[in-house]
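Notes for the one structure printed next.
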Amino acid sequence: MYNKTFEIIKFYAHKHQYIPASIGIEDWMPNHYILHTDIDIPLGQSRYGGPVIDLPKGIKHPENLRYAGQIDLAKFSPFDKTGLLPKTGQLIFFADIMTDTGKVIYADVANDELVRHIVEHEDNFYSGVLIDKVEAGMESFSERYRAPEDEDEEDDADEDGLFYDYFAGTEVSKVFGMFTHCQLGKDEILEVINSDKIVLWQVGENDFNDEGVFSILIKEEDLKKRNFDNCEYYWGQS
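When we follow my numbering, the leftmost residue of the sequence shown carries the number -9, and every step to the right adds one.
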């Protein structure tokens, strides 16, 4: 398992983070924060969180959930070597990270057929980040290990003298690959990795989240059948 590798789809953040105009820009906010009214977001643009939501006609915002983002599958599927992702359309994500619940909507419609909704709030996912770049990548379970930094870590090191790093992988945003959750132990992570569950979406700390990783898991058979009703939702606070 230590040397096992995984093919993934990596994605990266746009330089700006946009917040609801109703909140306004405060002096304490970083310079890369802007109002959602000051950024151009094409219909169907892949993104994480925020008040700007593109939904298929006739579909309403799910009650008691926050918009967590969406991906334009036409931009992601060319990097999918497994062939499991739909080739076109949108995956749209909603979640409540306090209860680890949510909803995934799959809509195989053209971007210009989506309907824009603005939902401003100050709760989780209130700010948004556009996905700026998508590419194929690789990761290995060996990346979860590093040299011990103190005596306690040395005591927990494996037979090769390496320490399992609970925070490894939190800086990556991706589709597929290894499950990441810094509040779970190695055995719990391995249980997911060795199961039939797939990382449908992971948004990490590479300029999307400051501290924490949001993940959605789906069973492989459900993904093949385009059944997104049984997804699992996780927020790992780092």
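We put the beta carbon where it would ideally sit given N, CA and C, even for glycine.
(1) For a quick check, are the C-beta atoms of Ile61 and His51 less than 9 Å apart?
(2) Enumerate in chain order the residues of its own chain whose CB-to-CB distance from Glu144 is below 6 Å, with the five nearest sequence positions on each side excluded.
(3) With a threshold of 8 Å on Cβ separation, who are the neighbours of Arg216 within its own chain once the five nearest residues in sequence on each side are excluded?
(4) Using a Cβ-Cβ cutoff of less than 6 Å, which residues in the same chain neighbour Ile279 once the five nearest sequence positions on both sides are dropped?
(5) Do you know how far the Cα of Phe84 is from the Cα of Leu33?
(6) Any idea if His111 is buried or exposed, counting beta-carbon neighbours within 10 angstroms, 16 or more meaning buried?
(7) State whether the segment 129 to 136 contacts the segment 149 to 159, with contact taken as three or more CB pairs (one from each stretch) at a distance under 8 Å.
(8) Output needed for Leu87: all residues of its chain with C-beta closer than 6 Å, excluding positions within five of it in sequence on either side, in chain order.
(9) If distances are taken between C-alpha atoms only, which option among Glu125, Tyr23 and Cys172 comes closest to Gly202?
(10) If you run the structure through DSSP and keep just helix, strand and coil, what is Val182?
(11) Rounded to whole angstroms, what's the CA-CA distance from Met128 to Phe157? Just pull it up for me.
(12) Given that a residue counts as buried once 16 or more other Cβ atoms are within 10 Å of its Cβ, and exposed if not, what is His22?
(13) From this set, Asp30, Lys123 and Lys71, which residue's C-alpha is nearest Asp197's C-alpha?
(14) By Cβ distance below 6 Å, which residues in the same chain neighbour Ser67 in space, the five residues on each side in sequence not counted?
(15) Quick check: Gln80 and Pro46, are their CB atoms within less than 9 Å of each other?
(16) Using only the alpha-carbon positions, how far apart do Lys209 and Glu(-3) sit?
(17) Count the other C-beta atoms from every protein chain shown that fall within 10 angstroms of the C-beta of Ala3, then say buried if there are 16 or more, exposed otherwise.
(18) Please determine, among Asp155, Ala126 and Val193, the residue with the shortest C-alpha to C-alpha distance to Phe69.
(19) Determine the contact status of Ala276 and Gly39, defining contact as a CB-CB distance below 9 Å.
(20) Mind listing, in chain order, the continuous alpha helix (DSSP H) runs of no fewer than 4 residues lying wholly within the segment 92 to 176?
(21) What residues are listed by DSSP as bridge partners for Thr(-5)?
(22) Tell me where the alpha helix (DSSP H) around Ala245 begins and ends.
(23) According to the Cβ coordinates, are Ile121 and Ser36 closer than 9 Å?
Reading it off the structure:
(1) no
(2) Pro138
(3) Pro76 and Tyr96
(4) Nothing can be reported for residue 279, as the shown portion of the chain is limited to -9 through 228.
(5) 18 Å
(6) exposed
(7) yes
(8) It is Ile, not Leu, that sits at residue 87 in the sequence shown. Answer for Ile87: Asn114 and Trp225, listed in chain order.
(9) Cys172
(10) helix
(11) 18 Å
(12) exposed
(13) Lys123
(14) Leu75 and Lys77
(15) yes
(16) 17 Å
(17) buried
(18) Ala126
(19) The structure shown does not extend to residue 276, since the chain is modelled only from -9 to 228, so the question has no answer here.
(20) 141 to 145
(21) Ser130
(22) Absent from the model: residue 245. The displayed extent of the chain is -9 to 228, so no value can be given.
(23) yes
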